[in-house]
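Participant: Before I ask anything, here is the structure I am working with.
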């Protein structure tokens, strides 16, 4: 564990807490893409298959449970909670995310560290996470103005993988057996997808204006 | 040891 990875995990945790706060405090999921939440649920379930087989540390296990639990809880809320689901706007959240699932799984079948059940699902989860934010970003562009909590949720979610890139650079220079090009390339793509969002977020913060993404 | 070293990450 290094400071970059810890900062990344904490930023990721904060993004989840901000999302839970928004949904539970406002009893509304307006501006949130159910499809992105479903993709993240698949990402965590596919990545943490070793949850009950490989024990790495209490921290590792607890965080995995938090990530899986929170993503499934959000999906459940947006689909079944009688108050929250009313604020879900399926007419705006129209990204065909099943193509992302299929495409990433196909890619994982061909590009992986090792052809084993675990490794293929791990690579699949890494590729899927890189593109999981697309439905959310498309929804924000369509819905125009972005409420503060949703903006902060996306900001922290994008920043966490940026910290992970620093973590991989650090581990590259401090550890010998270091081959995680799958994570690195996907992490770079993932962070790059947020580039324009970060730009417009910074502009709105500098002008102290409401965050607006150009359609 | 872990099947793959990077699986210590979240």
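Protein chains in written order, with our numbering: chain A, 1 to 215; chain Z, 216 to 225. Ideal Cβ placement from N, Cα and C applies to all residues, glycine included. Because the structure is a prediction, the values reported are computed rather than measured.
(1) Under the three-state reduction of DSSP, which class applies to residue 210(A): helix, strand or coil?
(2) Take every Cβ of the stretch 4 to 14 of chain A, pair it with every Cβ of the stretch 164 to 174 of chain A, and state whether three or more of those distances are shorter than 8 Å.
(3) Run through DSSP, which three-state label would residue 2(A) get?
(4) I want to see whether chain Z comes within less than 7 Å of residue 9(A), judged by CB atoms only; does it?
(5) From the DSSP secondary-structure annotation, give me the bridge partner or partners of residue 145(A).
(6) What would DSSP say about residue 29(A), mapped onto helix, strand or coil?
(7) How many angstroms separate the CA atom of residue 182(A) from the CA atom of residue 92(A)?
(8) Counting only C-beta atoms, is residue 78(A) closer than 7 Å to chain Z at any point?
(9) At least one CB of chain Z closer than 7 Å to the CB of residue 56(A): is that the case?
(10) Of the residues 76(A), 79(A), 132(A), 72(A), which one's Cα is nearest the Cα of residue 99(A)?
(11) Report the rounded CA-to-CA distance for residue 75(A) versus residue 96(A), giving the unit in angstroms.
(12) Kindly confirm or deny that the stretch 16 to 23 of chain A and the stretch 139 to 159 of chain A touch, where touching means at least three C-beta pairs closer than 8 Å.
(13) At a CB-CB cut-off below 7 Å, which residues of chain Z make contact with residue 50(A)?
(14) Which whole runs of the alpha helix (DSSP H) in the stretch 86 to 119 of chain A are 4 residues long or more, in chain order?
(15) Closer than 6 Å by C-beta to residue 194(A): which residues in its own chain qualify, once you throw out the five before and the five after it? Chain order, please.
(16) Apply the 10 Å Cβ neighbour rule to residue 225(Z) and answer buried if 16 or more other Cβ atoms are within range, or exposed otherwise.
(17) Is residue 13(A) helix, strand or coil when you go by DSSP?
(18) What are the residues of the stretch 63 to 78 of chain A that lie near chain Z, defined by any Cβ-Cβ distance shorter than 9 Å?
(19) Report the rounded CA-to-CA distance for residue 208(A) versus residue 9(A), giving the unit in angstroms.
(20) Helix, strand or coil for residue 53(A)? Go by DSSP, reduced to three states.
(21) From what residue to what residue does the alpha helix (DSSP H) around residue 40(A) run?
(22) Can you tell me whether DSSP reads residue 223(A) as helix, strand or coil?
(23) Do residue 213(A) and residue 140(A) have their C-beta atoms closer together than 7 Å?
Facilitator: Working from what's here:
(1) Coil.
(2) Enough Cβ pairs lie closer than 8 Å, so yes.
(3) In the three-state scheme derived from DSSP, where H, G and I count as helix and E and B as strand, residue 2(A) is classed as coil.
(4) Output row for residue 9(A): interface = yes.
(5) Paired residue(s): 212(A).
(6) Residue 29(A) falls in the coil class under three-state DSSP.
(7) Put simply, the backbone Cα of residue 182(A) is about 32 Å away from that of residue 92(A).
(8) Chain Z contact via Cβ: absent.
(9) Contact of residue 56(A) with chain Z is assigned, a C-beta pair being separated by under 7 Å.
(10) For the residues 76(A), 79(A), 132(A), 72(A), the minimum Cα distance to residue 99(A) belongs to 132(A).
(11) Going by the C-alpha atoms only, they are around 17 Å apart.
(12) Verdict: yes, contact present.
(13) Ordered by position in chain Z, the residues that pass the 7 Å Cβ test against residue 50(A) are 222.
(14) Counting whole runs of 4 or more residues, the stretch 86 to 119 of chain A contains the alpha helix (DSSP H) stretches 97 to 110.
(15) Apart from sequence neighbours up to five positions away, the residues of its chain that approach residue 194(A) with a beta-carbon distance below 6 Å are 158, ordered along the chain.
(16) Buried, by the Cβ-count rule.
(17) DSSP places residue 13(A) in helix when its eight states are reduced to three.
(18) Those residues of the stretch 63 to 78 of chain A that come within reach of chain Z (Cβ to Cβ, closer than 9 Å) are 63, 64, 67.
(19) Distance between the alpha carbons of residue 208(A) and residue 9(A) is about 28 Å.
(20) Three-state DSSP puts residue 53(A) in coil, outside helix and strand.
(21) Note, residue 40(A): alpha helix (DSSP H), 34 to 47.
(22) As shown, chain A starts at 1 and ends at 215. That puts residue 223(A) outside it, with no answer to give.
(23) In this structure, residue 213(A) lies near residue 140(A), with their beta-carbon atoms less than 7 Å apart.
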